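In my numbering, the protein residues as written are 199 to 269.
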């Protein structure tokens with residue numbers, strides 16, 4: 199016998215919106231470069247990750263999304 203704990207409501211979330219977002223992220227490249235990275239400390243790894251995320255943010259902010267109004 200199975201017990202149902204909750205019900206998932208799929209009508210609240212639009213799957214097409216999620217697909218659109220994922221496609222937009224894929225077009226801009228990865229958040230950080232792919233590969234295996236080795237660091238001497240967690241602090242060094244955290245600083246590197248912050249730099250990579252900032253670099254990605256700068257490169258992405260120069261473009262407008264398709265939902266933005268024309269200027």
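Glycine is no exception: its CB is placed at the ideal position from the N, C-alpha and C atoms. Keep in mind the model is a prediction, meaning the values are calculated, not measured.
Short Cβ contact (8 Å threshold) for residue i with residue j
i: residue 240; j: residue 246; result: no
i: residue 250; j: residue 234; result: no
DSSP-derived helix/strand/coil call for residue i
i: residue 200; result: coil
i: residue 211; result: coil
i: residue 223; result: helix
i: residue 256; result: helix
i: residue 206; result: coil
i: residue 232; result: coil
For residue i, the nearest candidate out of the options (CA to CA)
i: residue 257; options: 232, 223, 219, 203; result: 223
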